[in-house]
Amino acid sequence: MSIQIHDTLTNGKRELVPLEPGKVRLYVCGPTVYDFAHLGHARCYVVWDVVVRHLRARGLEVTFVRNFTDVDDKIIKRANERREDPIALAARFADAFHEDMDALGNLRPDVEPRVSAHIPEIVALIETLVAKGFAYAPGNGDVYYSVRKFPEYGRLSKRNLDDLISGARVEPGESKADPLDFALWKAAKPGEPAWNSPWGKGRPGWHIECSAMTLKHLGPTIDLHTGGKDLVFPHHTNEIAQSVAATGDGVHADAFSRYWMHNGFVQIDDEKMSKSLGNFFTVRDVLARFDGEALRFFLLGTHYRRDFNFSDAILAEAEKRLGSLYETLDKADKLGAGASPAGRGGAVVDRARAALDDDINTPQVLGQLAEAFTAANAIADRKGKKTPEDRAELAAFGRDVREIGRTLGILQRHPEEALLAIRGRAAARRGIDPAMVEARIRERAAARAAKDFARSDGIRDELLALGVALMDGPQGTSWKVE
Ligand SMILES: [Zn+2]
């Protein structure tokens, strides 16, 4: 077994070899909690959740740290608009973030540090950078990082300082010695939360927060750091500069995190998702209309490094596909009940793990699952009584796909429960009232009992025109939304 991941720092696939054998120290940049989580958050946090689950399934002991940025310009601005305390506003949106991530089936991290609870650590780290000559305080209460002191500054983003200088500028009120430099500490302004420091009252810059929280909870060198590709520059670039200067050799970018993974963007109907384009979706918007597991299943259908395209129509399609997987699982459970599963749970699970070892190739695993479902359906739908071998195969199928599903965070619900939930969502989107459907099914049963087949067929066609398909079985008639 060898787990290969695409490492942004070296720009290629590399075997993940942790610093300490068997243990992975993972830091994921968490959200800046000034609003509800959007689809971009759903995408990246589902991906990193699968990374954690897969590494653990491979026997690695993962310490997963994901922060909450609860001190930030955007939070302060929003809180001032609403005349609310910024830390309280951030705490409210952090709770909402948990609800949304739970609904997507993400595991909670082992540690979730908040900036507001780490100010002494942040101040101490900045003091170290000043003492080592990597940072300076011009005397107005700000502290800046001297970018030119760190030789591998552009290594992660593959940019050199000449490229960066053309885009850099000094904002009014800033007292940087060099336009490339960035703020570690900002002097207090009226109406902002502020803490005491050796440079006077103020608050930390965004980048230093992650360096301080990584150091505190995972130590000076971590194995893996992840985030969206929009964070490569400047956020992760600056994290590296700070951490390597404070606790590393001050030269080599890989002295902080040994590997870096970055996920692609989310697009809506092939356009960038943005508030100004009016195509901005929060996770709650989407989960009000669609099943949470369906959204997760859909997100896993695109490789994490690729940009991801969202539309209601393709999510509805994915939800339907997930429903059909649960239908097969339901059939397999019922037909295979009591049979002892064939095999040891080998080949199918092994193939899925191998695909995940290859840079977390979730689309490939979903393709493998689709094949396993086709094979199970073929056995389940074959005419005639099931043989003991058939039943053992179906029992093994149920066991194996649930095992793979555990790593992907899907297919863990009871099939009947999942099917009801998915049907409920689809019905609500189409404006179909389940009570009306049930009433029509009872009328149809009465018509059939009275041998009034014209009427019973009429009811079936009428429901079908609304998008409701009836399935007659030994337990009576059930229905789904087509
Ligand atoms: Zn960060």
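Counting from 1, position 220 in the sequence shown corresponds to residue 220 in full-length UniProt numbering; the numbering is continuous, with no gaps. Note that the Cβ used here is the ideal one computed from N, Cα and C, for glycine as well. Here the structure is a predicted model, which is why all the values come from computation and not from measurement.
One or two residues paired with residue i in a DSSP bridge
| i | result |
| --- | --- |
| R14 | I5 |
| Y27 | V65, H225 |
| E438 | Its beta-bridge partners do not exist; DSSP assigns none. |
| Y144 | Y136, A183 |
| H262 | G227 |
| Q267 | K272, N309 |
| S257 | I222 |
| G476 | G473 |
| H38 | T282 |
| R114 | F68 |
| R203 | K186 |
| D358 | Q4 |
| T32 | T69 |
| R468 | In the sequence as displayed, the identity of residue 468 is Val instead of Arg. BP columns for V468 point to V481. |
| W195 | G202 |
With 16 other Cβ atoms within 10 Å as the buried cut-off, status of residue i
| i | result |
| --- | --- |
| V170 | exposed |
| D142 | buried |
| residue 525 | Since the first and last residues shown for the chain are 1 and 482, residue 525 lies out of range. |
| A342 | buried |
| residue 524 | Outside the shown range of the chain, which is 1 to 482, sits residue 524, and nothing can be said about it. |
| E319 | buried |
| I314 | exposed |
| D67 | Asp is not the amino acid found at residue 67; the sequence shown has Asn there. Answer is buried; the Cβ neighbour count reaches 16. |
| S311 | exposed |
| R83 | exposed |
| K275 | exposed |
| R92 | exposed |
| P198 | exposed |
| N263 | buried |
| E20 | exposed |
| L277 | exposed |
| D7 | buried |
| F453 | exposed |
| E443 | exposed |
Heavy atom of ligand 1 within 7 Å of residue i beta-carbon
| i | result |
| --- | --- |
| C29 | yes |
| E239 | yes |
| H235 | yes |
| residue 491 | The question about residue 491 has no answer here: the residues shown for the chain are numbered 1 through 482. |
Closest by C-alpha distance to residue i, when choosing among the options
| i | options | result |
| --- | --- | --- |
| T63 | G264, P388, D223, K480 | D223 |
| E271 | D249, F308, A194 | F308 |
| V50 | A454, M436, F297, K383 | F297 |
| P31 | T69, A339, L231 | T69 |
| S157 | I87, M261, H54, D178 | M261 |
| L180 | S166, Q368, G250 | S166 |
| Q368 | F397, K13, V348 | V348 |
| D400 | M436, K451, D350 | D350 |
| K149 | N160, L161, F134 | F134 |
| P220 | F290, E84, C210 | C210 |
| A245 | K383, P151, D102, I76 | P151 |
| D330 | L394, P388, D254, G458 | L394 |
| S116 | Y45, I126, A194 | A194 |
| L184 | A376, A241, P363, L215 | A241 |
| K334 | A288, H414, D357 | H414 |
| Y326 | E438, E15, A376 | A376 |
| A469 | E482, G40, R391, T10 | E482 |
| T362 | E317, E389, L300, A392 | L300 |
| D95 | Y34, I119, E121 | Y34 |
| D110 | H217, Y144, G154 | H217 |
| R306 | G292, M436, K229, H236 | K229 |
| A42 | L16, L9, H207, G105 | G105 |
| V286 | T328, A337, T302, A426 | A426 |
| Q267 | C29, D457, H38 | H38 |
| L411 | A294, G139, H235, A253 | A294 |
Near ligand 2: residue i beta-carbon under 7 Å from a heavy atom
| i | result |
| --- | --- |
| A426 | Judged by which ligands are present, ligand 2 is missing from the structure shown, whose ligands are ligand 1. |
**Q.** Meets three-Cβ-pair contact criterion under 8 Å: the region 413-423 and the region 438-449
**A.** no
Q) Hey, is the region 15-31 in contact with the region 273-284, meaning 3+ C-beta pairs nearer than 8 Å? A) no
(Q) Using a Cβ distance threshold of 8 Å, determine whether the region 99-107 contacts the region 40-55, with at least three qualifying pairs required. (A) yes
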